[in-house]
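Numbering (the UniProt record's numbering), first residue to last: 1 to 160. For glycine and all other residues, C-beta sits at the position ideal for the given N, C-alpha and C.
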């Protein structure tokens, strides 16, 4: 988790150095997203998503070690949140109507939906996380989706 926070803060440190062009900002965001992907690849096998769907053998091991599921859920939430936060930096550009940032917009929306879906699930592992963390991440994600919905409605009204 420390590596994830480091990636996020390095991104913001680069952005504060000076005023960057939209394409420069997008390059930094994509680079940070690639670094997050590297973090995911370097996770221990029991915390990776593929391992999560491997069947009954894992369920037995999780029964013996309940912390595995809790840790995996926590990591999923953190990764989705930081992915959302990183790409949200480009929101000002796609709200101006630029089609060049469709990837960032798509990642923001899918990450926000992933956070909400994880928070809404009735999984016991998610209930072990701190309640304020669940609430904060859920509210931020719902806020993002609501703003995006309003933007889409405004676009439809303009086209008519």
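Short of 6 Å in beta carbon distance, which residues of its chain neighbour residue i, apart from the five on each side in sequence? Order them along the chain.
i	result
residue 84	108, 111 and 112
Within the same chain, show all residues whose beta-carbon is closer than 8 Å to that of residue i, passing over the 5 residues directly before and after it, in chain order.
i	result
residue 32	7, 8, 10, 11 and 86
So, are the CB atoms of residue i and residue j less than 8 Å apart?
i	j	result
residue 115	residue 74	no
residue 47	residue 4	no
residue 118	residue 76	yes
residue 40	residue 80	no
residue 103	residue 144	no
What does a CB cutoff of less than 7 Å around residue i pick up in its chain, not counting 5 residues either side in sequence?
i	result
residue 101	26, 90, 93 and 94
residue 147	none
Quick check: the Cα distance between residue i and residue j, rounded to an integer number of angstroms?
i	j	result
residue 62	residue 154	In this predicted model, residue 62 has a pLDDT of only 47, less than 50, meaning its place in the structure is not dependable; the value taken from the coordinates is given anyway. Their Cα atoms are separated by approximately 47 Å.
residue 72	residue 157	42 Å
Could you tell me if residue i is buried or exposed, where buried requires 16 or more neighbouring beta carbons within 10 angstroms of its beta carbon?
i	result
residue 29	buried
residue 69	buried
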